[in-house]
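Colleague: What follows is a structure written as structure tokens; I'll ask about it next.
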Amino acid sequence: MFKSLFISLNLVGLILLPFLYVGEVSVIHVLPSEVTEGKSVEVSIIINKGLATGPARLALNFENAPGILIEEISNAGASFSFDKSKALFVWYSIPEEETITLKYRLTAEAGSSGNKTIDGTFSYLDGEERESETIGPITFTVSEGNGNTTASIE
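Add 1 to the 1-based position in the sequence shown for the numbering used here, that's all there is to it.
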């Protein structure tokens, strides 16, 4: 009797498991660790959105990266805006794919050498709750040399 009850409870648990799983949200920001003044590099942001649906926003803070300009390359359906210290990717309805890749071009203006830091947040809805994932700071160097190493932060 206990054996059949135990097996029945395990089967019910296995059937309900996909409904109880909440996907983990993560954001990976990949860019070169060194950028040459006056040159451009392509930067990727990979968002594993889990089960997030509805409106979402990715905000990048460039306050600690003066002399850096960005322009979008691919936005995964988001509207994009950039003013001198903030970049925003805004979705009114985030794509259904579990993994989303954004790309932008980062340009270091002449005379902007030194260490630069970019951080940000990814805000989304998890059911009815508003959630936010912090994008850890990523530091890179603007120099007159030729940089080709890559930095990545999760």
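A virtual CB, placed ideally from N, CA and C, is assigned to each residue, including glycine.
Just so it is clear, the structure is predicted and the values come from calculations on it, not from any experiment.
(1) Going by DSSP, what residue range makes up the beta strand (DSSP E) through GLY128?
(2) Answer with buried or exposed for GLY128, where buried requires no fewer than 16 other C-beta atoms within 10 angstroms of its C-beta.
(3) Indicate whether LEU107 and ILE71 have their beta-carbon atoms separated by less than 8 Å.
(4) If you compare alpha carbons, which of SER41, LYS50 and LYS40 is closest to SER94?
(5) Report the residue from VAL28, TYR125 and GLY137 whose alpha carbon sits nearest the alpha carbon of PRO1.
(6) Could you check if LEU52 is buried or exposed, using at least 16 other CB atoms within 10 Å of its CB as the buried criterion?
(7) So the candidates are TRP92, PRO33 and GLY39; which of them puts its Cα closest to the Cα of GLY112?
(8) Report yes or no: do the region 72 to 83 and the region 129 to 138 share at least 3 C-beta pairs separated by less than 8 Å?
Modeller: To lay it out plainly:
(1) First-last for GLY128: undefined, no H or E at that position.
(2) exposed
(3) yes
(4) LYS50
(5) Any question about residue 1 goes unanswered here, given that the chain covers just 2 to 155.
(6) exposed
(7) GLY39
(8) no
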